[in-house]
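Residue numbers in the sequence shown follow our numbering, run continuously in steps of one, and reach 1280 at the last position.
Here a beta-carbon is modelled for each residue, glycine too, at the ideal position from N, C-alpha and C.
The structure displayed is predicted, hence computed values, not measured ones.
Taking it in order: structure first as C-alpha coordinates, then the write-up.
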Amino acid sequence: MTAEVLERTEAAPRSTRSLAAGLATMMGSAASNQVGAAVGAHAFAAIGPAGVVAVRQFVAAAVLLPVARPNLRRFTWAQWWPTLLLGLVFATMNLSLYTAVDRIGLGLAVTLEFLGPLAVALAGSRTRVDLLCAVGAGVGVYVLVLPGGSSDWFGIGSGVLAAVCWAAYILLNRLLGVRLPGLQAPAAATSVSAVMYLPVLVFVTLSGSWTWPAVLFAVGAGVLSSVIPYACDLVALRTVPPRFFGVIMSIHPVFAALAGLVLLGQFLDAHEWVGIAMVVAVNVVAVVAAQRRG
(Lines of atoms letter the chains of each structure in order from A and count residues from 1; the text may use other names and numbers.)
(Lines give C-alpha, C1' and ligand atoms only; values in the text may rest on other atoms or scores of the structure.)
Protein backbone atom coordinates (compact mmCIF):
# COMPACT_ATOMS: atom_id res chain seq x y z
CA MET A 1 0.00 0.00 0.00
CA THR A 2 2.80 2.42 0.85
CA ALA A 3 4.44 1.76 -2.50
CA GLU A 4 1.16 2.51 -4.31
CA VAL A 5 0.78 5.78 -2.40
CA LEU A 6 4.34 6.76 -3.28
CA GLU A 7 3.75 5.95 -6.96
CA ARG A 8 0.60 8.07 -6.98
CA THR A 9 2.36 10.92 -5.22
CA GLU A 10 5.19 10.85 -7.76
CA ALA A 11 2.81 10.46 -10.71
CA ALA A 12 0.73 13.53 -9.78
CA PRO A 13 3.53 16.09 -10.35
CA ARG A 14 4.51 14.30 -13.56
CA SER A 15 0.92 14.45 -14.79
CA THR A 16 0.67 18.12 -13.89
CA ARG A 17 3.93 18.90 -15.67
CA SER A 18 2.81 16.97 -18.77
CA LEU A 19 -0.49 18.83 -18.83
CA ALA A 20 1.24 22.19 -18.41
CA ALA A 21 3.71 21.32 -21.17
CA GLY A 22 0.88 20.21 -23.46
CA LEU A 23 -1.11 23.39 -22.88
CA ALA A 24 2.00 25.50 -23.47
CA THR A 25 2.62 23.62 -26.71
CA MET A 26 -0.93 24.29 -27.89
CA MET A 27 -0.57 27.97 -26.99
CA GLY A 28 2.63 28.01 -29.03
CA SER A 29 0.77 26.37 -31.91
CA ALA A 30 -1.94 29.04 -31.83
CA ALA A 31 0.66 31.83 -31.68
CA SER A 32 2.62 30.31 -34.57
CA ASN A 33 -0.54 30.01 -36.66
CA GLN A 34 -1.44 33.69 -36.30
CA VAL A 35 2.14 34.94 -36.65
CA GLY A 36 2.30 32.92 -39.87
CA ALA A 37 -0.83 34.65 -41.16
CA ALA A 38 0.72 38.04 -40.37
CA VAL A 39 3.98 37.04 -42.07
CA GLY A 40 2.10 35.89 -45.16
CA ALA A 41 0.30 39.25 -45.34
CA HIS A 42 3.65 40.91 -46.11
CA ALA A 43 3.66 39.09 -49.47
CA PHE A 44 0.19 40.29 -50.52
CA ALA A 45 1.53 43.35 -52.33
CA ALA A 46 3.72 41.22 -54.62
CA ILE A 47 1.77 38.00 -55.26
CA GLY A 48 -1.63 38.66 -53.67
CA PRO A 49 -3.54 36.52 -51.16
CA ALA A 50 -4.06 33.78 -53.77
CA GLY A 51 -0.32 33.50 -54.39
CA VAL A 52 0.41 33.21 -50.68
CA VAL A 53 -2.29 30.55 -50.28
CA ALA A 54 -0.86 28.60 -53.23
CA VAL A 55 2.59 28.48 -51.68
CA ARG A 56 1.13 27.56 -48.30
CA GLN A 57 -0.80 24.63 -49.81
CA PHE A 58 2.32 23.22 -51.44
CA VAL A 59 4.32 23.58 -48.22
CA ALA A 60 1.58 21.78 -46.27
CA ALA A 61 1.37 18.99 -48.87
CA ALA A 62 5.15 18.56 -48.84
CA VAL A 63 4.98 17.96 -45.07
CA LEU A 64 1.81 15.84 -44.81
CA LEU A 65 2.31 13.49 -47.75
CA PRO A 66 5.58 11.91 -46.53
CA VAL A 67 4.11 11.55 -43.03
CA ALA A 68 0.72 10.05 -43.91
CA ARG A 69 1.64 8.30 -47.20
CA PRO A 70 -1.95 7.86 -48.44
CA ASN A 71 -2.40 5.18 -51.08
CA LEU A 72 -4.52 7.24 -53.46
CA ARG A 73 -4.93 4.39 -55.97
CA ARG A 74 -6.82 2.33 -53.40
CA PHE A 75 -9.25 5.06 -52.38
CA THR A 76 -12.90 4.12 -52.95
CA TRP A 77 -15.48 6.64 -54.16
CA ALA A 78 -16.87 6.81 -50.60
CA GLN A 79 -13.41 8.01 -49.54
CA TRP A 80 -12.72 10.17 -52.57
CA TRP A 81 -15.78 12.42 -52.66
CA PRO A 82 -15.39 13.82 -49.11
CA THR A 83 -11.63 14.10 -49.72
CA LEU A 84 -12.25 16.16 -52.86
CA LEU A 85 -14.74 18.33 -50.99
CA LEU A 86 -12.24 18.80 -48.17
CA GLY A 87 -9.62 19.87 -50.70
CA LEU A 88 -12.05 22.44 -52.09
CA VAL A 89 -12.77 23.61 -48.55
CA PHE A 90 -9.04 24.02 -47.87
CA ALA A 91 -8.63 26.05 -51.04
CA THR A 92 -11.62 28.28 -50.35
CA MET A 93 -11.08 28.69 -46.60
CA ASN A 94 -7.50 29.88 -46.86
CA LEU A 95 -8.18 32.22 -49.79
CA SER A 96 -11.25 33.77 -48.14
CA LEU A 97 -9.39 34.21 -44.85
CA TYR A 98 -6.36 35.85 -46.46
CA THR A 99 -8.65 38.07 -48.55
CA ALA A 100 -10.37 39.15 -45.34
CA VAL A 101 -7.01 39.75 -43.67
CA ASP A 102 -5.98 41.93 -46.59
CA ARG A 103 -9.16 44.05 -46.42
CA ILE A 104 -10.29 44.22 -42.78
CA GLY A 105 -7.24 43.17 -40.75
CA LEU A 106 -6.04 39.98 -39.11
CA GLY A 107 -7.86 40.28 -35.78
CA LEU A 108 -11.31 40.92 -37.25
CA ALA A 109 -10.84 38.30 -40.00
CA VAL A 110 -9.85 35.49 -37.63
CA THR A 111 -12.62 36.37 -35.16
CA LEU A 112 -15.21 36.11 -37.95
CA GLU A 113 -13.66 32.83 -39.12
CA PHE A 114 -13.87 31.54 -35.56
CA LEU A 115 -17.67 31.65 -35.80
CA GLY A 116 -17.45 28.43 -37.87
CA PRO A 117 -16.40 26.02 -35.12
CA LEU A 118 -18.60 27.91 -32.65
CA ALA A 119 -21.63 27.33 -34.91
CA VAL A 120 -20.80 23.63 -35.16
CA ALA A 121 -20.54 23.42 -31.37
CA LEU A 122 -23.93 25.08 -30.94
CA ALA A 123 -25.75 23.43 -33.85
CA GLY A 124 -28.66 21.22 -32.92
CA SER A 125 -28.58 22.20 -29.25
CA ARG A 126 -31.70 23.48 -27.53
CA THR A 127 -30.33 24.08 -24.04
CA ARG A 128 -30.76 27.52 -22.53
CA VAL A 129 -27.01 28.00 -22.14
CA ASP A 130 -26.30 27.26 -25.80
CA LEU A 131 -29.11 29.52 -26.99
CA LEU A 132 -27.70 32.31 -24.85
CA CYS A 133 -24.26 31.58 -26.32
CA ALA A 134 -25.66 31.91 -29.83
CA VAL A 135 -27.24 35.25 -28.95
CA GLY A 136 -24.03 36.36 -27.25
CA ALA A 137 -21.99 35.46 -30.34
CA GLY A 138 -24.33 37.50 -32.51
CA VAL A 139 -24.05 40.48 -30.21
CA GLY A 140 -20.28 40.08 -30.08
CA VAL A 141 -20.04 40.11 -33.89
CA TYR A 142 -22.25 43.20 -34.09
CA VAL A 143 -20.07 45.01 -31.55
CA LEU A 144 -16.97 43.84 -33.41
CA VAL A 145 -18.11 45.02 -36.84
CA LEU A 146 -20.49 47.92 -35.99
CA PRO A 147 -21.90 47.74 -39.52
CA GLY A 148 -22.41 51.02 -41.31
CA GLY A 149 -21.99 52.77 -44.62
CA SER A 150 -18.19 52.68 -44.39
CA SER A 151 -17.98 48.95 -43.62
CA ASP A 152 -15.93 46.78 -45.98
CA TRP A 153 -18.69 44.31 -46.75
CA PHE A 154 -16.58 42.28 -49.15
CA GLY A 155 -13.93 41.80 -46.47
CA ILE A 156 -16.55 40.93 -43.85
CA GLY A 157 -18.21 38.53 -46.28
CA SER A 158 -14.85 36.87 -46.93
CA GLY A 159 -14.40 36.35 -43.18
CA VAL A 160 -17.89 34.83 -42.91
CA LEU A 161 -17.14 32.56 -45.90
CA ALA A 162 -14.00 31.40 -44.09
CA ALA A 163 -16.20 30.59 -41.08
CA VAL A 164 -18.56 28.52 -43.26
CA CYS A 165 -15.56 26.67 -44.68
CA TRP A 166 -14.14 26.00 -41.21
CA ALA A 167 -17.49 24.51 -40.16
CA ALA A 168 -17.49 22.34 -43.29
CA TYR A 169 -13.88 21.34 -42.55
CA ILE A 170 -14.92 20.06 -39.12
CA LEU A 171 -17.88 18.07 -40.46
CA LEU A 172 -15.90 16.56 -43.34
CA ASN A 173 -13.06 15.61 -41.01
CA ARG A 174 -15.51 13.80 -38.77
CA LEU A 175 -16.79 11.85 -41.77
CA LEU A 176 -13.32 11.06 -43.12
CA GLY A 177 -12.09 10.10 -39.66
CA VAL A 178 -14.11 6.89 -39.90
CA ARG A 179 -13.29 6.24 -43.57
CA LEU A 180 -9.54 6.84 -43.70
CA PRO A 181 -6.92 6.02 -41.07
CA GLY A 182 -4.51 8.46 -39.48
CA LEU A 183 -3.68 11.62 -41.41
CA GLN A 184 -4.41 10.24 -44.86
CA ALA A 185 -7.49 12.45 -45.32
CA PRO A 186 -5.87 15.84 -44.64
CA ALA A 187 -2.76 14.79 -46.59
CA ALA A 188 -4.79 13.82 -49.65
CA ALA A 189 -7.08 16.86 -49.35
CA THR A 190 -4.13 19.23 -49.04
CA SER A 191 -2.67 17.69 -52.20
CA VAL A 192 -5.98 18.24 -54.01
CA SER A 193 -5.96 21.86 -52.87
CA ALA A 194 -2.36 22.30 -54.03
CA VAL A 195 -3.27 20.97 -57.49
CA MET A 196 -6.14 23.48 -57.64
CA TYR A 197 -3.67 26.29 -57.05
CA LEU A 198 -1.26 25.24 -59.81
CA PRO A 199 -2.81 27.78 -62.24
CA VAL A 200 -2.20 30.51 -59.66
CA LEU A 201 1.48 29.62 -59.43
CA VAL A 202 1.73 29.57 -63.23
CA PHE A 203 0.04 32.97 -63.49
CA VAL A 204 2.24 34.53 -60.81
CA THR A 205 5.33 33.12 -62.51
CA LEU A 206 4.37 34.33 -65.98
CA SER A 207 3.48 37.78 -64.66
CA GLY A 208 6.93 38.10 -63.10
CA SER A 209 5.50 38.89 -59.67
CA TRP A 210 7.87 36.68 -57.72
CA THR A 211 10.37 38.45 -55.50
CA TRP A 212 12.65 36.85 -52.97
CA PRO A 213 10.99 38.62 -50.02
CA ALA A 214 7.56 37.49 -51.25
CA VAL A 215 8.74 33.88 -51.60
CA LEU A 216 10.28 33.91 -48.13
CA PHE A 217 7.18 35.46 -46.56
CA ALA A 218 4.88 32.96 -48.30
CA VAL A 219 7.01 29.95 -47.34
CA GLY A 220 7.25 31.33 -43.82
CA ALA A 221 3.46 31.46 -43.69
CA GLY A 222 3.32 27.83 -44.78
CA VAL A 223 5.80 26.74 -42.13
CA LEU A 224 4.36 28.83 -39.30
CA SER A 225 0.67 28.29 -40.12
CA SER A 226 0.81 24.65 -41.25
CA VAL A 227 4.00 22.75 -40.37
CA ILE A 228 4.59 24.00 -36.82
CA PRO A 229 0.93 23.88 -35.69
CA TYR A 230 0.61 20.37 -37.13
CA ALA A 231 3.66 19.14 -35.21
CA CYS A 232 2.73 20.99 -32.00
CA ASP A 233 -0.87 19.75 -31.95
CA LEU A 234 0.26 16.19 -32.67
CA VAL A 235 2.55 16.30 -29.61
CA ALA A 236 0.19 18.23 -27.35
CA LEU A 237 -2.87 16.06 -27.90
CA ARG A 238 -0.98 13.10 -26.44
CA THR A 239 -1.03 14.74 -23.01
CA VAL A 240 -3.85 17.32 -23.12
CA PRO A 241 -7.42 16.09 -22.48
CA PRO A 242 -9.77 16.81 -25.42
CA ARG A 243 -11.93 19.09 -23.24
CA PHE A 244 -9.12 21.66 -23.20
CA PHE A 245 -8.81 21.80 -26.97
CA GLY A 246 -11.84 24.01 -27.58
CA VAL A 247 -10.88 26.36 -24.77
CA ILE A 248 -7.34 26.77 -26.11
CA MET A 249 -8.75 27.34 -29.61
CA SER A 250 -10.48 30.41 -28.17
CA ILE A 251 -7.14 32.17 -27.91
CA HIS A 252 -6.75 32.35 -31.71
CA PRO A 253 -8.67 35.64 -32.19
CA VAL A 254 -6.67 37.25 -29.39
CA PHE A 255 -3.34 36.13 -30.84
CA ALA A 256 -4.51 37.24 -34.28
CA ALA A 257 -5.27 40.73 -32.98
CA LEU A 258 -1.88 40.92 -31.23
CA ALA A 259 -0.02 39.61 -34.31
CA GLY A 260 -1.81 42.15 -36.48
CA LEU A 261 -0.88 44.93 -34.07
CA VAL A 262 2.79 44.01 -33.66
CA LEU A 263 3.68 42.70 -37.14
CA LEU A 264 1.28 44.62 -39.39
CA GLY A 265 0.59 47.79 -37.42
CA GLN A 266 -3.16 47.09 -37.43
CA PHE A 267 -4.59 48.98 -34.47
CA LEU A 268 -8.01 47.94 -33.22
CA ASP A 269 -10.65 50.25 -31.85
CA ALA A 270 -12.09 49.70 -28.38
CA HIS A 271 -15.31 48.18 -29.75
CA GLU A 272 -13.30 45.64 -31.76
CA TRP A 273 -11.43 44.46 -28.66
CA VAL A 274 -14.78 44.20 -26.82
CA GLY A 275 -16.28 42.19 -29.70
CA ILE A 276 -13.31 39.80 -29.78
CA ALA A 277 -13.55 39.33 -26.00
CA MET A 278 -17.26 38.56 -26.26
CA VAL A 279 -16.81 35.95 -29.01
CA VAL A 280 -13.95 34.29 -27.10
CA ALA A 281 -15.96 34.25 -23.85
CA VAL A 282 -18.98 32.74 -25.60
CA ASN A 283 -16.84 29.94 -27.01
CA VAL A 284 -15.33 29.14 -23.62
CA VAL A 285 -18.80 28.96 -22.05
CA ALA A 286 -20.11 26.77 -24.88
CA VAL A 287 -17.18 24.34 -24.65
CA VAL A 288 -17.34 24.06 -20.85
CA ALA A 289 -21.13 23.53 -20.94
CA ALA A 290 -20.79 20.83 -23.60
CA GLN A 291 -18.12 19.03 -21.58
CA ARG A 292 -20.27 19.07 -18.47
CA ARG A 293 -23.18 17.59 -20.37
CA GLY A 294 -20.81 14.99 -21.83
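Assign Ser1015 to one of two classes, buried (16 or more other C-beta atoms within 10 Å of its C-beta) or exposed (fewer than that). Answer is buried; the Cβ neighbour count reaches 16.
Assuming Val1045 and Val1205 are in contact, meaning their beta carbons sit under 8 Å apart, how far apart are those beta carbons, in whole angstroms? About 6 Å; that satisfies the 8 Å criterion.
Rounding to the nearest angstrom, what Cα-Cα distance links Leu1166 and Arg1060 in this structure? 11 Å
Under DSSP, the alpha helix (DSSP H) around Pro1199 begins and ends at which residues? Trp1198 to Gly1208
Using the Cβ count rule (16 or more neighbours within 10 Å means buried), how would you classify Asp1219? Asp1219 comes out buried.
In angstroms with no decimal places, state the Cα-to-Cα distance between Pro1239 and Thr1097. 5 Å
Which first and last residues belong to the alpha helix (DSSP H) in which Leu1097 is found? Correcting the residue type first, residue 1097 is Thr in the shown sequence and not Leu. Looking at the DSSP string, the run of the alpha helix (DSSP H) that includes Thr1097 is Leu1092 to Glu1099.
Write down the C-beta distance between Gly1037 and Leu1130 rounded to the nearest angstrom, noting that I regard them as a contact closer than 8 Å. At roughly 28 Å, the Cβ-Cβ gap does not stay under 8 Å, so Gly1037 and Leu1130 are not in contact.
Touching by the beta-carbon criterion (3+ pairs, under 8 Å), the region 1146 to 1155 and the region 1090 to 1110: yes
So, is Val1188 buried or exposed, given that buried needs 16 or more other C-beta atoms within 10 angstroms? exposed
Under a Cβ-count criterion, where at least 16 other Cβ atoms within 10 Å of its own Cβ denotes burial, should Pro1215 be classed as buried or exposed? buried
How is the alpha helix (DSSP H) around Arg1060 delimited, first residue to last? No alpha helix (DSSP H) holds Arg1060; DSSP gives it neither H nor E.
Ranges of the alpha helix (DSSP H) found wholly within the region 1004 to 1089, counting only runs of at least 4: 1030 to 1054
Could you check whether the region 1071 to 1083 touches the region 1142 to 1149, counting it as contact only if at least three pairs of C-beta atoms, one from each stretch, sit closer than 8 Å? Touching, per the Cβ criterion.
Cβ pair Val1242, Gly1008 closer than 7 Å: Checking the sequence shown, residue 1242 turns out to be Ala, not Val. No. Outside cutoff.
Use the C-beta contact count for Thr1002: other C-beta atoms within 10 angstroms, 16 or more gives buried, fewer gives exposed. Thr1002 is classed as exposed because its beta carbon has fewer than 16 other beta carbons within 10 Å across all chains shown.
Along the chain, where does the alpha helix (DSSP H) that runs through Leu1117 open and close? Arg1114 to Val1131
From which residue to which residue does the alpha helix (DSSP H) around Pro1239 run? His1238 to Leu1250
Apart from the five residues just before and just after Ala1047, which ones in its own chain have a Cβ nearer than 6 Å to its Cβ? Thr1176, Ser1177 and Ala1180
Whole angstroms is fine: what's the gap from Pro1056's alpha carbon to Ala1217's? 18 Å
Please list the terminal residues of the continuous alpha helix (DSSP H) segment that includes Leu1157. Trp1139 to Gly1163
Around the C-beta of Val1164, are 16 or more other C-beta atoms found within 10 angstroms, so that it is buried, or is it exposed? exposed
Find out if the Cβ-Cβ distance for the pair Ala1245, Cys1119 is shorter than 7 Å. no
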